[in-house]
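Here is the structure we will look at.
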RNA sequence: GUGGAUGUAGCUCAGUGGUCAGAGCACCAGGUUGUGGCCCUGGGGGUCGGGGGUUCAAAUCCCCUCAUUCACCCCA
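Numbering (my numbering), first residue to last: -6 to 413.
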């Protein structure tokens, strides 16, 4: 085996059956929920002009600064593998003139995202996000709708122990003032803070608030909160979001320390977290991005959405013993005599056309080995075809779980299985 | 980018200087010439992650490197 040719790139994964079957079920269920909420799917490119992400996600963010997969193509364009879905969706919304049609525009998407990160539990260089976006809606009900959609999907997957973390980081009117206020307040504490926090002070003071170092956390306990300095419009918006969510039987906690690492967010930001998931416990992250479309040269357009990590959802489900979606064949044809092979092809074709998952042996193995293969594949029924069946026109159908057998005319086997 | 742990069969791992490198599970075949699961027997499968060094002798000790993994930063 060649070490390089037969090794996947760092941070990527091969998703094998049966996990791949479960994976597909998760995508299906997400699409069902999106359909129920009226969010048709948009299919977007996996790479874009690098500038799209640099300008929207933000030059100074980790995602752009150190995680973006950028490359020049053969025509000299600077492209980037998408690190997230919202910027692409906003670009497509504008480029295709959706902003000129009826508003709001609701969209969903499922697909791979790429970030050059050091892999760890729940984090990869290629991961998959299921997300939704609403463009052209500034009402707090839109924020509530997308949070509700995320929660409804996760509920349908049978997940419990979920909670929604919620915060408002203000808008271009009130955020700069808050940043300055926080900086001024923290300045005298700088010598006590950790090295990371001293650099956060300059780069992104909001990040000071969620440092995990205990000495920083205690030092900053009394820091001013963004929630206390929201402008009245943001204040009102946030109060409305909280109010609707409170009526909805969702475990929501307002967390003034929740800060997200993408520049385009305004007002509402949120995460859905699950307790038992290692250090990367956010299943879902999102928020409002009222200035995003305008940055791309479009009209002022409010928007809100989220991205959900498919691998993380699967991890939680599998840690809870999830097996839904595991494939199980209905019928295994064991061939005891090569002269029965044509008959086997005919029965298999009939069964498959009628929706029964049917396998049969490709030849050269003993009947015993074939029965073993049938059991291993998890087949519900096995049918032996040989000289005897050809002569009498009847066969023995064996139910694998119980070992019970019954004789049936060959022509009726598929009918019997279809009836259950 | 930073720190820790780990790389031996498909999987989980044993083997810390000394014959040709092992176990369990899995896989294939036979025992049972038309029937899976239990049992028995046999079989296939390894550049001991890679390279260099020390030594009469290296899976084992040293250096480098690659990969995996967990955590930090950050994020889904």
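Glycine is no exception: its CB is placed at the ideal position from the N, C-alpha and C atoms.
Quick caveat, the model's predicted, so the values are computed rather than measured.
Between the CA atoms of residue j and residue i - distance to the nearest angstrom
| i | j | result |
| --- | --- | --- |
| residue 46 | residue 371 | 47 Å |
| residue 13 | residue 3 | 20 Å |
| residue 347 | residue 164 | 58 Å |
| residue 236 | residue 150 | 26 Å |
| residue 193 | residue 19 | 38 Å |
| residue 29 | residue 142 | 9 Å |
| residue 332 | residue 383 | 9 Å |
| residue 376 | residue 364 | 9 Å |
| residue 227 | residue 245 | 19 Å |
| residue 101 | residue 31 | 9 Å |
| residue 208 | residue 129 | 43 Å |
| residue 257 | residue 282 | 5 Å |
| residue 113 | residue 344 | 45 Å |
| residue 200 | residue 284 | 21 Å |
| residue 124 | residue 144 | 12 Å |
| residue 88 | residue 105 | 22 Å |
| residue 392 | residue 253 | 55 Å |
| residue 111 | residue 69 | 29 Å |
| residue 173 | residue 55 | 22 Å |
| residue 131 | residue 395 | 60 Å |
| residue 38 | residue 314 | 35 Å |
| residue 217 | residue 278 | 24 Å |
| residue 351 | residue 322 | 6 Å |
| residue 329 | residue 406 | 17 Å |
| residue 280 | residue 358 | 59 Å |
| residue 213 | residue 33 | 44 Å |
| residue 215 | residue 21 | 46 Å |
| residue 120 | residue 275 | 14 Å |
| residue 99 | residue 243 | 23 Å |
| residue 340 | residue 399 | 17 Å |
Within 9 Å, strictly: CB atoms of residue i and residue j
| i | j | result |
| --- | --- | --- |
| residue 415 | residue 109 | This structure does not reach residue 415, given that the chain is present from -6 up to 413, and the question cannot be answered. |
| residue 379 | residue 360 | yes |
| residue 349 | residue 410 | yes |
| residue 156 | residue 220 | no |
| residue 296 | residue 83 | yes |
| residue 251 | residue 265 | no |
| residue 374 | residue 325 | yes |
| residue 231 | residue 260 | yes |
| residue 86 | residue 126 | yes |
| residue 40 | residue 146 | no |
| residue 53 | residue 61 | no |
| residue 76 | residue 50 | yes |
| residue 390 | residue 336 | no |
| residue 152 | residue 248 | no |
| residue 491 | residue 92 | The structure shown does not extend to residue 491, since the chain is modelled only from -6 to 413, so the question has no answer here. |
| residue 241 | residue 122 | no |
| residue 133 | residue 234 | yes |
| residue 223 | residue 167 | yes |
| residue 1 | residue 307 | no |
Where residue i falls, given that 16 or more other Cβ within 10 Å makes a residue buried
| i | result |
| --- | --- |
| residue 397 | exposed |
| residue 293 | exposed |
| residue 414 | As shown, the chain starts at -6 and ends at 413. That puts residue 414 outside it, with no answer to give. |
| residue 9 | exposed |
| residue -2 | exposed |
| residue 342 | exposed |
| residue 267 | buried |
| residue 305 | buried |
| residue 239 | exposed |
| residue 5 | exposed |
| residue 355 | exposed |
| residue 368 | exposed |
| residue 180 | exposed |
| residue 71 | exposed |
Strand pairing of residue i, partner residues [DSSP]
| i | result |
| --- | --- |
| residue 124 | 102 and 300 |
| residue 156 | 266 |
| residue 65 | 71 |
| residue 113 | 116 |
| residue 247 | 159 |
| residue 326 | 353 and 376 |
| residue 0 | Bridge partners of residue 0: none, in fact. |
| residue 37 | Paired residues: none, contrary to the question. |
| residue 401 | 388 |
| residue 281 | 259 and 297 |
| residue 275 | 266 |
| residue 107 | 119 |
| residue 42 | 72 |
Review point. Just checking, does the region 127 to 143 make contact with the region 172 to 188 on the three C-beta pairs under 8 Å criterion?
Key: no
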